[in-house]
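Enquirer:
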Amino acid sequence: MNPTKSSNRSKLPDLQIEIRNVETPTIFPEEAGEIKVFVTNQGNKIFKGPLDINLYASTDSLLNLPLNQGNLAGKDELLGSLNYANINLAPGQSKTFTVKFADPEIRTPSVVAPGAYYLIAEVDPNNTITEGNESNNQAINFFSTDGSDAVIDWNAVALNIIQNTATPTLIASRNLAIVHAAIYDATNAIYQTHEPYFVNINPSEIISASPEAAVVESAYETLLNLYPTQKVVLDEQRFRSLVEIPNGTAKDAGIELGKRVADQIIALRSNDGSDKANEPPYSLEPTVGVWRPTPPNFAPAAFPNWGLVTPFAIPNGSTFRPDGFPDLNSAEYTQEFNEVRILGEKNSTIRTPEQTEIAQFWSFGRPDTFTTPGQWNRIAETVALQQSNTLEENARLFALLNIGIADAGIAAYDAKYAFNRWRPITAIQEADIDGNANTDADLDWEPLLNTPSHPDYLAAHSVFGGAAGKILDEFFGNNISFTTTSQELPGISRSYLGFMQAAEESSNSRIYGGVHFRSAAEDGLTTGIAVGEFVSQHFLG
């Protein structure tokens with residue numbers, strides 16, 4: 001072999017990328033902040049030619065493919081691409097590229113929570129450049145939005161873990177309530193401004209404790225108990241959080257307090273029945289009007305006994321159970337049957353583009369998202385930052401919100417498996433046996449969204465939204481305007497004049513998506529409001 005030819009082949013450029021000099025970006029639709037990206041040629045041959053740099057937002061430190069492009073699939077978001085026609089980098093030479101989020105080529109993140117997320121910069125994303133090392137083409141930096149505090153940070157950490165472990169919606173609601181009950185009781189033990197949720201601690205024991213350290217440790221310990229496989233992620237966040245707190249006795253006391261409270265909240269919920277939510281399995285015969293597995297997956301009934309889980313606040317799962325839905329042969333049933341048949345059909349020509357957007361915006365029907373409870377937490381993060389909440393206020397806010405959402409889930413599933421009502425897809429395809437002369441069967445009818453594997457009545461989205469909207473109304477007032485985004489439609493934002501307007505839209509989204517009748521949505525919203533009102537009036541006062 002000719003050694004000269006071998007040497008020439010081994011001479012290649014090697015582009016390495018770093019993120020430096022950060023002005024923290026805002027969250028979409030605000031467009032502010034910038035980062036500087038440094039690209040260095042660490043190879044032994046000059047690089048000359050076009051260069052592309054992509055920027056992504058992620059809930060973890062890995063770039064996950066496929067990307068989330070608004071097709072109800074994927075997690076990570078492409079924020080934009082920078083394309084340079086002619087770049088020259090000699091071996092050892094670096095060049096700085098400024099990424100401004102106000103520029104049209106780049107947008108701020110829309111699928112992450114403000115308190116904790118990652119930006120990933122990637123040079124040569126399409127691998128069009130032959131390099132000596134292809135493994136150093138990404139730079140990954142952790143971010144927390146300006147103005148965030150330990151409560152918001154750890155709320156976002158919990159949401160990220162929920163997404164990255166594909167936690168089911170009901171389990172997510174329970175876990176968030178456990179985490180934030182512990183955070184609240186730990187901080188309230190220091191501030192002593194409200195009634196505790198569960199843990200009573202003598203004020204003389206914790207006078208010098210750091211509330212920030214108490215938040216960090218209570219969140220860390222509860223999440224570690226709930227997600228032991230996420231220890232590396234949690235340890236990293238614990239280190240990031242604690243390093244911001246000055247060392248000393250107050251920090252040590254806060255850590256000790258946080259662990260003490262977390263242990264008691266974990267013990268409180270250790271036998272709440274959540275581990276038996278699928279025992280015994282659903283066994284009702286699929287008679288007329290009764291739920292049965294639905295296309296396309298025909299999955300068995302999910303969480304048929306979740307209504308028996310011990311609530312966090314309401315007396316029991318059936319406390320706010322509604323009276324029920326219209327009879328199959330009633331005019332009311334005919335009306336809601338035809339409404340969902342027309343509006344919710346997959347290729348409906350009657351449903352407006354905005355109604356389609358609403359259905360998808362609020363859908364959260366796949367496992368790799370923050371879930372519907374998480375979306376309401378994300379809204380709360382946004383408004384808490386907007387309103388400049390204190391740490392103490394946020395500890396109480398997120399405890400109320402998540403206790404209410406968790407109990408809303410219990411109330412929703414109590415009703416679902418008390419009434420066992422069939423879903424629109426079953427009702428429409430089998431309308432010839434429903435005894436109603438005014439409903440017509442359509443064997444080919446399909447909904448816009450995939451139908452979840454549990455009964456129609458009540459719509460859990462509606463119950464979650466009613467509870468969350470009521471609690472946020474009680475906390476902030478009913479005239480708070482806000483704008484939010486959805487992991488289901490990256491780069492799309494929707495604005496609301498109040499929390500209940502958002503809750504009502506979320507409720508209607510299930511009709512537009514073809515997965516619920518109106519009575520399930522409206523009665524669900526009413527039930528959720530009742531749960532939220534009960535929690536707001538009787539807890540953490």
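Under my numbering, residues 1 to 541 are what the sequence shown spells out, in order.
We put the CB at the ideal spot given by N, CA and C, even for glycine.
Report the option in L497, I410, W422 whose CA atom is closest to the CA atom of N316.
Expert: Closest option to N316, Cα to Cα, is I410.
Enquirer: By a C-beta neighbour count over all protein chains shown, 10 Å radius and 16 as the cutoff for buried, is S61 buried or exposed?
Expert: By the neighbour-count criterion, in which 16 or more other beta carbons inside 10 Å mark a residue as buried, S61 falls on the exposed side.
Enquirer: For W84, does the count of other Cβ atoms within 10 angstroms reach 16, so buried, or fall short, so exposed?
Expert: It is Tyr, not Trp, that sits at residue 84 in the sequence shown. Exposed, because fewer than 16 other Cβ atoms sit within 10 Å of the Cβ of Y84.
Enquirer: DSSP on L397, reduced to helix/strand/coil?
Expert: helix
Enquirer: In the DSSP output, what is Q16 paired with across the bridge?
Expert: T40
Enquirer: CA-CA distance, T4 and K11?
Expert: Confidence is the limiting factor: at T4 the pLDDT is only 39, short of 50, which leaves the residue's position unreliable and the question unanswerable from this model.
Enquirer: Leaving out five residues before and five after N402 in sequence, what residues of the same chain have Cβ atoms less than 8 Å from its Cβ?
Expert: S173, L176, A177, V179, H180, A181, P373, N377
Enquirer: Just the Cα atoms here: how many angstroms apart are S6 and I87?
Expert: Note that S6 scores 40 on pLDDT, short of 50, meaning its location in the model is unreliable; the coordinates nonetheless yield the value given after this. Approximately 27 Å between the Cα atoms of the pair.
Enquirer: Between L15, D275, L443, which has its C-alpha nearest V123's C-alpha?
Expert: L15
Enquirer: According to DSSP, is D52 part of a helix, a strand, or is it coil?
Expert: strand
Enquirer: Going by DSSP, what residues sit across from L572 in a beta bridge?
Expert: An answer regarding residue 572 cannot be provided, because it is not within the stretch 1 to 541 covered by the chain.
Enquirer: Could you give the DSSP three-state label for Y512: helix, strand or coil?
Expert: helix
Enquirer: Counting only the same chain and skipping the five closest in sequence on each side, list residues whose C-beta sits under 6 Å from that of P304.
Expert: Y282, Y417
Enquirer: Does DSSP classify N478 as helix, strand or coil?
Expert: coil
Enquirer: Quick check on P3: does DSSP put it in helix, strand or coil?
Expert: Only weak support is given to the placement of P3: the predicted model assigns it a pLDDT of 42, under 50, and the question is left unresolved by the model.
Enquirer: Cα-Cα, which of P490, L170, S506 is closest to G469?
Expert: S506
Enquirer: Could you tell me which uninterrupted alpha helix (DSSP H) segments, each at least 4 residues in length, are contained entirely in the stretch 276-363, listed from first to last along the chain?
Expert: Within the stretch 276-363, the complete alpha helix (DSSP H) runs of at least 4 residues are 331-343, 353-361.
Enquirer: Buried or exposed: which applies to L65, given that a residue is buried once 16 or more other Cβ atoms fall within 10 Å of its Cβ?
Expert: exposed
Enquirer: Could you tell me whether the stretch 417-436 touches the stretch 128-142, using the rule of 3 or more Cβ pairs below 8 Å?
Expert: These segments do not touch.
Enquirer: By the 10 Å Cβ neighbour count, where 16 or more other Cβ atoms means buried, how is N71 classified, buried or exposed?
Expert: N71 should be labelled exposed.
Enquirer: By Cβ distance, which residues of its chain are closer than 8 Å to G92, with the 5 residues on each side in sequence left out?
Expert: T40, N41, Q42
Enquirer: Measuring only the C-alpha atoms, how far is V232 from K276?
Expert: 29 Å
Enquirer: With a cut-off of 8 Å on the beta carbons, I'd call N141 and Y118 a contact; round off their distance for me.
Expert: 7 Å
Enquirer: Tell me the DSSP secondary structure of V216 in three-state form.
Expert: helix
Enquirer: Could you compute how far the alpha carbon of D407 sits from the alpha carbon of F475?
Expert: Spanning the two alpha carbons is a distance of roughly 18 Å.
Enquirer: Name the one or two DSSP bridge partners that R494 has.
Expert: T484
Enquirer: Using the rule of at least 16 other Cβ atoms within 10 Å of the residue's Cβ for burial, across every protein chain shown, is V547 buried or exposed?
Expert: The chain is shown from 1 up to 541; residue 547 falls before or after that span and cannot be answered.
Enquirer: Using alpha carbons as the reference points, say which of Q375, R238, Y512, V261 lies closest to S348.
Expert: Y512
Enquirer: Taking 7 Å as the cut-off, decide whether the C-beta atoms of L525 and G466 are in contact.
Expert: yes
Enquirer: I'd like to confirm the pairing. Which residues does DSSP put opposite G80 in its beta bridges?
Expert: DSSP, once it has assigned bridges, lists L55, I106 as partnering G80.
Enquirer: For L391, which residues from the same chain have a beta carbon less than 8 Å from its beta carbon, with the 5 sequence-adjacent residues on both sides left out?
Expert: Counting only Cβ-Cβ distances below 8 Å, and skipping sequence neighbours, we find D149, A150, V151, T187, P211, E212, V215.
Enquirer: Measuring CA to CA, which of E131, G115, T130, F298 is closest to F143?
Expert: F143 has its Cα closest to that of G115, out of E131, G115, T130, F298.
Enquirer: Using the Cα positions of Q487 and R366, report the straight-line distance between them to the nearest angstrom.
Expert: 11 Å
Enquirer: Out of D456, K36, T59, which has the shortest C-alpha to C-alpha gap to V340?
Expert: D456
Enquirer: Take F47 as the anchor and find which of N297, P25, K95 has the nearest alpha-carbon.
Expert: K95
Enquirer: Rounded to whole angstroms, what's the CA-CA distance from A57 to I405? Just pull it up for me.
Expert: 27 Å
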